[in-house]
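In my numbering, the protein residues as written are 41 to 381.
Don't be surprised by glycine CBs; every beta carbon is placed ideally from N, CA and C.
The structure displayed is predicted, hence computed values, not measured ones.
Notes to accompany the following structure.
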Amino acid sequence: MKKNIAIFIFALSSVISFPSHAQLSLRGVIDFDLPTAGSTGKALHLRADSAIQDLSRFAIGVANNGGGTDGIEYVFPSLSLSLGDDIILYRDSAAIANYFQSCFSNFEIKLQASNSISQNGDDAIELFKDSVIIETFGDINVDGTGTSWEYTDSWAYKDTLGAFWPNGWIYGGPNCTDNDTLVSTSSCPYPQCSNNSVHVVTFRVNTANITVGPNGIYAGGGVIGGADAVALSDPDGDGIWEGTDTLDGTAGGNFIFLNSPNNSGDWGTKESLAGLPCSDPANYDDRIMPTFTQDTTLEFCFGTCSPNTVCPAPAVQQNIHFVVDMNSPKAPATWTQPYVS
Numbered sequence: 041m042k043k044n045i046a047i048f049i050f051a052l053s054s055v056i057s058f059p060s061h062a063q064l065s066l067r068g069v070i071d072f073d074l075p076t077a078g079s080t081g082k083a084l085h086l087r088a089d090s091a092i093q094d095l096s097r098f099a100i101g102v103a104n105n106g107g108g109t110d111g112i113e114y115v116f117p118s119l120s121l122s123l124g125d126d127i128i129l130y131r132d133s134a135a136i137a138n139y140f141q142s143c144f145s146n147f148e149i150k151l152q153a154s155n156s157i158s159q160n161g162d163d164a165i166e167l168f169k170d171s172v173i174i175e176t177f178g179d180i181n182v183d184g185t186g187t188s189w190e191y192t193d194s195w196a197y198k199d200t201l202g203a204f205w206p207n208g209w210i211y212g213g214p215n216c217t218d219n220d221t222l223v224s225t226s227s228c229p230y231p232q233c234s235n236n237s238v239h240v241v242t243f244r245v246n247t248a249n250i251t252v253g254p255n256g257i258y259a260g261g262g263v264i265g266g267a268d269a270v271a272l273s274d275p276d277g278d279g280i281w282e283g284t285d286t287l288d289g290t291a292g293g294n295f296i297f298l299n300s301p302n303n304s305g306d307w308g309t310k311e312s313l314a315g316l317p318c319s320d321p322a323n324y325d326d327r328i329m330p331t332f333t334q335d336t337t338l339e340f341c342f343g344t345c346s347p348n349t350v351c352p353a354p355a356v357q358q359n360i361h362f363v364v365d366m367n368s369p370k371a372p373a374t375w376t377q378p379y380v381s
């Protein structure tokens with residue numbers, strides 16, 4: 041039993057640690073019941089978590105009916121993507137475009153696949169990079185019928201960026217799109233189309249003025265979550281750490297950056313902004329989240345109020361030499377060692 045637990049922990053940690061460099065992630069699994077019937081409502085939704093030079097390094101597999109992995113079944117074409125681009129991979133372009141209406145424009149990359157996109161609402165999905173599995177939705181060894189993750193005639197959607205199934209996913213509920221004709225009139229609209237106030241926020245913070253700890257830089261607190269809510273990364277080593285979250289642009293609130301937190305409650309690692317104009321003294325001296333109406337990039341320098349990633353020059357230090365005359369007649373006889381405080 042101990043051996044099995046150790047293997048499971050190792051495998052899980054391997055999967056979780058990889059995607060900070062994976063660049064592409066699953067965002068939604070779709071099995072709509074459309075008026076055009078058949079397989080026309082099947083699609084996958086993916087998101088570029090960083091710029092991608094060659095999308096063809098990534099591939100998809102559908103693990104049908106709990107029968108385990110089927111390996112790679114669809115390889116993406118060679119395309120370049122920008123950070124935050126949404127991909128819709130569908131079986132029938134006309135049917136999906138008609139159902140989504142104006143929401144179809146929310147997907148920057150639109151791709152058509154053949155019968156390789158074959159999920160039936162009870163099937164798991166595997167995402168590959170360079171032929172290695174980097175993310176899985178569902179359990180490839182379990183038929184999803186009757187499970188909490190079933191999406192027959194419905195959808196599954198990752199509403200927490202950076203999460204890994206089963207965490208961070210929400211569901212429309214089996215058969216919720218039966219008799220639907222348009223997403224705008226659906227009783228369970230696909231989340232990408234249902235809340236226009238929710239947008240992707242990209243955080244960029246320069247760490248030139250600190251030494252980054254072994255756990256890296258995180259954004260957290262306030263409307264974001266715990267001390268380790270959003271992991272940032274610096275793959276090019278330029279000292280500017282970057283990460284994304286999905287937030288309600290109308291909510292405002294607070295957040296903070298943290299240097300190498302050990303867990304979600306490790307607030308001792310947060311940047312110190314006390315007394316600075318960009319802090320909120322009524323909310324633990326955290327930063328103030330602006331409101332926004334579209335995908336937004338917010339830039340900072342760690343521990344400062346810099347409005348961008350340019351860190352202010354450090355204060356010039358001067359050596360000061362103190363001289364104390366211990367022979368002064370005014371000095372008490374009990375003085376033996378002077379101190380400066």
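{"Asked": "In chain order, which continuous runs of the beta strand (DSSP E) of length 3 or greater are located wholly inside the segment 172 to 260?", "Found": "172 to 177, 195 to 198, 209 to 211, 238 to 246"}
{"Asked": "If you scan the segment 303 to 339 from start to end, which runs of the beta strand (DSSP E) of 3 or more residues do you find wholly inside it?", "Found": "326 to 328"}
{"Asked": "If you compare alpha carbons, which of I136, I128, V115, T336 is closest to K169?", "Found": "V115"}
{"Asked": "With which residues is R87 paired in a DSSP beta bridge?", "Found": "S65, D126"}
{"Asked": "Just grab the DSSP bridge partners of Y114 for me.", "Found": "I100"}
{"Asked": "Starting from A353, trace the beta strand (DSSP E) in both directions and tell me its first and last residue.", "Found": "No beta strand (DSSP E) contains A353, which DSSP labels as neither H nor E."}
{"Asked": "Please report how far the alpha carbon of C143 lies from the alpha carbon of V223, in whole angstroms.", "Found": "9 Å"}
{"Asked": "Let me check one thing: in DSSP terms, what residues is D71 bridge-paired to?", "Found": "K82"}
{"Asked": "Per the DSSP calculation, T76 is bridged to which residue(s)?", "Found": "Note: T76 sits in no beta bridge, so no partner."}
{"Asked": "List the DSSP bridge partners of N265.", "Found": "One detail in the question is off: residue 265 reads as Gly in this sequence, not Asn. Answer is G261, bridged to G265."}
{"Asked": "Could you check which residue in G108, P317, W307, D126 has the C-alpha nearest to that of D268?", "Found": "W307"}
{"Asked": "Assess contact between the segment 113 to 133 and the segment 193 to 207, defined as three or more Cβ pairs (one per stretch) separated by less than 8 Å. Is contact present?", "Found": "no"}
{"Asked": "With a threshold of 8 Å on Cβ separation, who are the neighbours of G21 within its own chain once the five nearest residues in sequence on each side are excluded?", "Found": "Residue 21 lies beyond the stretch modelled for the chain, which goes from 41 to 381, so this question has no answer here."}
{"Asked": "Grouping DSSP H, G and I as helix and E and B as strand, with all else coil, what is N15?", "Found": "Outside the displayed span of the chain (41 to 381) sits residue 15, for which this structure offers no information."}
{"Asked": "For G283, which residues does DSSP report across the bridge?", "Found": "F243"}
{"Asked": "To the nearest angstrom, how far is the alpha carbon of E339 from that of L123?", "Found": "15 Å"}
{"Asked": "Taking only the alpha-carbon atoms, compute the straight-line gap between S312 and L64 and give it to the nearest angstrom.", "Found": "33 Å"}
{"Asked": "By the three-class DSSP mapping on this structure, what secondary structure does L95 have?", "Found": "helix"}
{"Asked": "What does DSSP give as the partner residue(s) for S273 in the beta ladder?", "Found": "E282"}
{"Asked": "Apply the 10 Å Cβ neighbour rule to C345 and answer buried if 16 or more other Cβ atoms are within range, or exposed otherwise.", "Found": "exposed"}
{"Asked": "Does the segment 169 to 183 come close enough to the segment 96 to 114 that 3 or more CB-CB pairs lie under 8 Å?", "Found": "yes"}
{"Asked": "In chain order, what residues of the same chain have a beta carbon less than 7 Å from the beta carbon of T333, not counting five sequence neighbours either side?", "Found": "G289"}
{"Asked": "Determine the burial state of S120: buried for a count of at least 16 other Cβ atoms within 10 Å of its Cβ, exposed for fewer.", "Found": "exposed"}
{"Asked": "How should D278 be labelled, buried or exposed, when 16 other C-beta atoms within 10 angstroms of its C-beta is the threshold for buried?", "Found": "exposed"}
{"Asked": "For I264, which of N160, G293, L74, N249 has the nearest alpha-carbon?", "Found": "G293"}
{"Asked": "Report the CB separation of H239 from T336 in whole angstroms; it is logged as a contact under 8 Å.", "Found": "6 Å"}
{"Asked": "Assuming S304 contacts G262 under a Cβ cut-off of 8 Å, what Cβ separation, rounded to an integer in Å, is found between them?", "Found": "That pair is no contact at about 13 Å."}
{"Asked": "Taking 8 Å as the CB-CB cut-off, is G293 touching chain D?", "Found": "Looking for chain D here will not work: only one protein chain is present."}
{"Asked": "Smallest Cα separation from A91: which of V380, P275, C351?", "Found": "P275"}
{"Asked": "Any idea what DSSP makes of F147, helix, strand or coil?", "Found": "coil"}
{"Asked": "Please report how far the alpha carbon of T286 lies from the alpha carbon of I250, in whole angstroms.", "Found": "27 Å"}
{"Asked": "For A248, which residues from the same chain have a beta carbon less than 6 Å from its beta carbon, with the 5 sequence-adjacent residues on both sides left out?", "Found": "G279, C351"}
{"Asked": "Suppose you measure from the CA of S171 to the CA of F98; what does that come to, to the nearest Å?", "Found": "8 Å"}
{"Asked": "For V252, tell me which candidate among Y197, W209, S300 has the shortest Cα-Cα distance.", "Found": "S300"}
{"Asked": "For Y197, collect the residues of the same chain with a Cβ closer than 6 Å to its Cβ; drop the 5 residues on either side in sequence, then sort them by chain order.", "Found": "G68, I210, P231"}
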